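Trainee: In terms of the working numbering, the sequence shown opens at residue 69 and continues consecutively. Even glycine gets a Cβ: it sits at the ideal position worked out from N, Cα and C. Just so we're clear, the structure is a prediction, and the values are computed from it rather than from any experiment. First, the structure itself, so that you have it in front of you.
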Amino acid sequence: THRAGAKAPSGAAAALRLAVVILLTLALLWMVLGLYRAGQPLVAIGVMAFGFTALMVYGTATSVAWRYLFPGVAGMLLFVAFPLVYTVQIGFTNYSSANLLEFERARDFLLAQTTAEEARVFDVTLHADGASHRLLLSSRQGAGKLVTPALALRGAATAQVIPLQPAGTAPALGEPVALRDVIALRDSLMPLRLQGPDAALLRYAGLREFAPLEPLWTAAADGALTQTATGKLYTPNRSSGYFENAEGERVSPGFKVSIGLANYNRMLFDPDFRGPFVSIFIWTVLFAGLTVVFAGGLGLTLAVLLNWEALPRRTLYRTLLFLPYAVPGFISILVFKGLFNQNFGEINGILHALFGVRPAWFADPLLAKAMLLIVNTWLGFPYFMILCTGLIKAIPADLYEASAIVGAKPLDNFFKITVPLILKPLTPLLISAFAFNFNNFVLISLLTDGRPDFLNTKLPAGTTDILVSYTYRIAFTDAGQNFGLAAAISTIIFALVAVMALLQLKATQKAQGKG
69 THRAGAKAPS GAAAALRLAV VILLTLALLW MVLGLYRAGQ PLVAIGVMAF
119 GFTALMVYGT ATSVAWRYLF PGVAGMLLFV AFPLVYTVQI GFTNYSSANL
169 LEFERARDFL LAQTTAEEAR VFDVTLHADG ASHRLLLSSR QGAGKLVTPA
219 LALRGAATAQ VIPLQPAGTA PALGEPVALR DVIALRDSLM PLRLQGPDAA
269 LLRYAGLREF APLEPLWTAA ADGALTQTAT GKLYTPNRSS GYFENAEGER
319 VSPGFKVSIG LANYNRMLFD PDFRGPFVSI FIWTVLFAGL TVVFAGGLGL
369 TLAVLLNWEA LPRRTLYRTL LFLPYAVPGF ISILVFKGLF NQNFGEINGI
419 LHALFGVRPA WFADPLLAKA MLLIVNTWLG FPYFMILCTG LIKAIPADLY
469 EASAIVGAKP LDNFFKITVP LILKPLTPLL ISAFAFNFNN FVLISLLTDG
519 RPDFLNTKLP AGTTDILVSY TYRIAFTDAG QNFGLAAAIS TIIFALVAVM
569 ALLQLKATQK AQGKG
C-alpha cells in the first residue's frame with residue numbers, strides 16, 4: 069500500500085512506466101525462449117519465475133516493503149536454497165567423472181567416435197596457389213600422390229566433396245606452408261571430404277593426415293549401440309548408467325541416472341566403505357569436541373589468571389596471548405607444519421636433544437591426530453580467552469568478597485562461582501565452536517591433507533580426515549570424482565550441522581531466560 073497522502077503518478081509517468089515494463093517483459097520472454105531452445109528447460113523456468121516476480125514487485129503497485137525484501141529473499145533462494153536442493157538431488161544419482169553426461173549426449177559422443185585404417189592413411193601437405201590452396205596427399209603404402217583443385221579455404225567451413233586427381237596432372241606446387249598456417253586453417257580443413265579414384269571419401273584425421281574414417285559405433289533400436297568391429301550390441305542400463313553388452317562389459321563414458329538410496333545404502337551397509345566412514349565420523353566428533361574442551365579450558369584458565377589484579381604486566385600478557393588469533397590461520401598452520409617436520413622441525417629437534425626421540429608426527433595416525441589437536445587448540449584458545457574475560461568482568465565482585473570472608477580458596481571460587489556463572493551464557497558459543505570445528509576443512513587440508521591413509525579401502529580415506537575433507541577427496545581428488553556419493557555425505561553433514569544450530573538456538577534462548 070502507498071503511504072497516506074502520496075501523490076498518484078501522472079499520466080505521462082504511468083505511460084512511461086508501462087512501456088518500460090512491457091519492454092522488460094519482452095526481453096525476459098526472449099531470454100527464456102533462448103534458454104529453452106538451448107536445452108535448458110529448468111533454467112528457463114527459474115529465470116521466468118524470477119523475472120516475472122521482479123516485474124510484479126517493481127513494476128506494479130505492490131507493497132513498498134516487498135521492494136526491500138525481494139533482493140534478500142531472492143538471494144537466499146539463489147545462493148542458499150538452490151545449492152542445497154541441488155546437492156541433495158545429486159546425492160540420489162550416480163553423478164561422477166565417469167557419468168558426467170546425460171544419456172543423449174553420451175550416446176552422441178560414442179556415435180561420433182571414428183577410427184582410421186592405418187594402411188589407407190594419406191600424409192597431407194598444404195600448398196599455396198595464389199589466394200587459394202591445394203592439398204597434396206601422399207599414400208603411406210607408395211600408391212602415388214593425389215592433389216586437390218585450388219580451394220578457397222579461408223572462411224569456408226561447410227562440408228564439401230572435393231574430387232582428387234593424380235599429382236602429375238596438376239600444376240607444379242610450391243613449398244608447403246608452415247604448420248602455424250595449417251593450424252589457422254584447421255576449421256576450414258575439417259569439413260572437407262576428399263574423393264579418391266576408388267570413390268572412397270577421405271576425411272580430416274589430423275593436421276597432417278586424411279583417411280577414410282569408419283565409425284566405431286552405429287545406432288541400433290531403442291537407444292542401443294552396435295560396435296562396428298565386433299558386431300556386439302550394447303544396450304543402455306538405466307540402473308548403472310552405462311552401455312553394456314550381454315557379457316556385462318561396459319563402455320565409457322557412462323551417463324547420469326537416478327539410483328535412489330544407493331549412495332546412502334553404501335555408507336550404511338557396504339563393509340568396505342562403512343569401516344572408514346564410521347571411523348572418520350567418530351574422529352570428526354572427537355576432533356570437534358576435544359578442540360572445544362582443550363581450547364575452551366585453556367582460554368578460561370588464562371582468562372582467570374589474567375583477571376588477577378596482583379599479576380604484573382597483565383596487559384602485555386593478554387596482548388601476547390591474543391596474537392595467535394590475530395595472525396591469519398593458514399599462516400599459523402603452515403608454520404606449525406614446518407615446526408612438526410620429522411627431520412628438520414624445531415619441535416623434533418628439541419625432543420631429540422632432550423629425550424633422543426624424533427616422533428613421526430605425519431606418519432603415525434595417533435601422533436597426527438594429537439598434532440591436529442595441539443595446533444587447533446593454539447589457534448582457538450585466544451577466542452575463548454577474550455570471551456571468558458568479558459564474562460568474568462560481568463560477575464559481581466561482592467561474590468568473591470563474600471567467599472573470601474568465609475575462607476574459600478581460589479579453586480573453590482573457580483568451580484563454585486566463576487564456572488557456574490559463565491557456563492550458561494558460554495554454552496551457545498561452545499556449540500557454535502563445535503559446529504565450526506566439525507567442518508574445519510582448512511586445518512585438515514593444510515596440515516595433514518587427511519593422511520596417513522587407511523589401507524585396503526575402496527575409496528582413499530585418511531585417518532585424520534574429518535567428514536568435510538573426506539567429502540572433498542571423494543568429490544574432487546583421488547577417488548574418481550564421485551559427486552553423487554560426496555553429495556550424499558554433504559547432506560548428512562548439513563543435517564548434523566542443522567541439529568547443532570537448533571541446539572545453539574535453544575541454548576541461547578535458555579541463556580537469555582526465554583526457554
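Buried or exposed: Val474, going by 16 or more other Cβ atoms within 10 Å of its Cβ?
Mentor: Classification for Val474: exposed.
Trainee: CA-CA distance, Met99 and Gly274?
Mentor: In a straight line, the C-alpha of Met99 is about 38 Å away from that of Gly274.
Trainee: Tell me which residue opens and which closes the beta strand (DSSP E) that Lys484 is part of.
Mentor: It is not in any beta strand (DSSP E) - Lys484 carries neither H nor E in the DSSP assignment.
Trainee: According to the neighbour-count rule (16 or more other Cβ atoms, all chains shown, within 10 Å of its Cβ), is Gly291 buried or exposed?
Mentor: The residue is exposed, with fewer than 16 neighbouring Cβ atoms inside 10 Å.
Trainee: Are the CB atoms of Leu270 and Phe190 nearer to each other than 9 Å?
Mentor: Yes, these two residues count as a Cβ contact at 9 Å.
Trainee: What are the residues that DSSP puts in a beta bridge with Ile587?
Mentor: Only positions 69 to 583 of the chain appear in this structure, which leaves residue 587 out of reach.
Trainee: Assuming Val360 and Phe404 are in contact, meaning their beta carbons sit under 8 Å apart, how far apart are those beta carbons, in whole angstroms?
Mentor: In fact, because the Cβ distance is near 19 Å, the residues do not count as touching under 8 Å.
Trainee: From the DSSP output, read off the bridge partner residues of Gln295.
Mentor: Paired residues: Trp285.
Trainee: Can you tell which of Phe138, Pro304 and Val153 has the C-alpha that lies nearest to the C-alpha of Arg173?
Mentor: The shortest C-alpha separation from Arg173 is found at Pro304.
Trainee: So the alpha helix (DSSP H) Asp340 belongs to, where does it begin and stop?
Mentor: Per DSSP, Asp340 belongs to the alpha helix (DSSP H) from Pro339 to Leu374.
Trainee: Going along the chain, which residues of its own chain have a beta-carbon closer than 7 Å to the beta-carbon of Leu459, five neighbours each way excluded?
Mentor: The residues are Ile490, Pro493 and Leu494.
Trainee: Do you know whose CA, among Gly107, Ala462, Ser326 and Phe355, lies nearest Leu553's CA?
Mentor: The shortest C-alpha separation from Leu553 is found at Ser326.
Trainee: Compare the C-beta of Pro380 with all C-beta atoms of chain C and state if any pair is closer than 9 Å.
Mentor: Absent from the structure: chain C. Only one protein chain is present.
Trainee: In the DSSP assignment, find the alpha helix (DSSP H) that holds Tyr385 and state where it starts and stops.
Mentor: Segment Arg382 to Ala394, the alpha helix (DSSP H) holding Tyr385.
Trainee: Rounding to the nearest angstrom, what Cα-Cα distance links Gly79 and Leu564 in this structure?
Mentor: Using only the alpha carbons, I get a separation of about 57 Å.
Trainee: Rounded to whole angstroms, what's the CA-CA distance from Tyr302 to Val89? Just pull it up for me.
Mentor: Straight-line Cα distance between these residues: approximately 53 Å.
Trainee: For Gly274, write down the residues that DSSP places opposite it in a beta bridge.
Mentor: Answer is Glu277.
Trainee: Reducing DSSP to helix, strand and coil, say where Glu312 ends up.
Mentor: DSSP places Glu312 in strand when its eight states are reduced to three.
Trainee: For Ala543, does the count of other Cβ atoms within 10 angstroms reach 16, so buried, or fall short, so exposed?
Mentor: Under this definition Ala543 is a buried residue.
Trainee: Could you have a look at Leu194 and say whether DSSP puts it in helix, strand or coil?
Mentor: In the structure shown, Leu194 sits in a strand (DSSP, three-state: E or B).
Trainee: Determine the DSSP secondary structure at Leu407, reduced to helix, strand or coil.
Mentor: Correct three-state label for Leu407: helix.
Trainee: Bridge partners for Lys213 per DSSP, in chain order?
Mentor: Paired residues: Ser206.
Trainee: With distances taken from CA atoms, which of Val156, Asn313 and Lys213 is nearest Gly264?
Mentor: Among Val156, Asn313 and Lys213, the Cα nearest to that of Gly264 is on Lys213.
Trainee: What is the C-beta distance between Thr559 and Val372, in whole angstroms, given that I count them as a contact (C-beta under 8 Å)?
Mentor: That pair is no contact at about 42 Å.
Trainee: Give the single residue among Ala268, Val245, Phe177 and Glu170 whose Cα lies nearest to the Cα of His201.
Mentor: Here the closest residue by C-alpha is Val245.
Trainee: Here's the rule: buried if 16 or more other CB atoms are within 10 angstroms of the residue's CB, otherwise exposed. What is Val148?
Mentor: Exposed, because fewer than 16 other Cβ atoms sit within 10 Å of the Cβ of Val148.
Trainee: So, for Asn481: in the same chain, excluding its five sequence neighbours on each side, which residues have a beta-carbon less than 7 Å away from its beta-carbon?
Mentor: Tyr468 and Ser471.
Trainee: Which runs of the beta strand (DSSP E) at least 3 residues long sit entirely within the region 111-189? Give them in chain order.
Mentor: Runs found: 182-184.
Trainee: Less than 6 Å between C-beta atoms, sequence neighbours within five positions excluded: which residues of the same chain meet that for Phe449?
Mentor: For Phe449, where only same-chain residues beyond five positions count, the Cβ hits under 6 Å are Ala363, Leu366 and Gly367.
Trainee: Count the CB pairs spanning the region 524-533 and the region 508-516 that are closer than 8 Å, and state whether there are at least three.
Mentor: Judged by Cβ distances under 8 Å, the region 524-533 makes contact with the region 508-516, as three or more pairs qualify.
Trainee: Determine the burial state of Ser307: buried for a count of at least 16 other Cβ atoms within 10 Å of its Cβ, exposed for fewer.
Mentor: Ser307 should be labelled exposed.
Trainee: How big is the Cα-Cα spacing for Phe171 and Leu440?
Mentor: For Phe171 and Leu440, the distance between alpha carbons rounds to 45 Å.
Trainee: Taking all protein chains shown into account, do 16 or more other C-beta atoms lie within 10 angstroms of the C-beta of Gly102, making it buried, or fewer, making it exposed?
Mentor: Counting Cβ neighbours within 10 Å, Gly102 comes out exposed, since fewer than 16 surround it.
Trainee: For Gly448, write down the residues that DSSP places opposite it in a beta bridge.
Mentor: Paired residue(s): none; Gly448 is not in a bridge.
Trainee: Take every Cβ of the region 228-238, pair it with every Cβ of the region 254-264, and state whether three or more of those distances are shorter than 8 Å.
Mentor: As far as the Cβ criterion goes, the region 228-238 touches the region 254-264, which means the pair count is three or higher.
Trainee: Per the DSSP calculation, Asn305 is bridged to which residue(s)?
Mentor: Bridge partners of Asn305: Tyr310.
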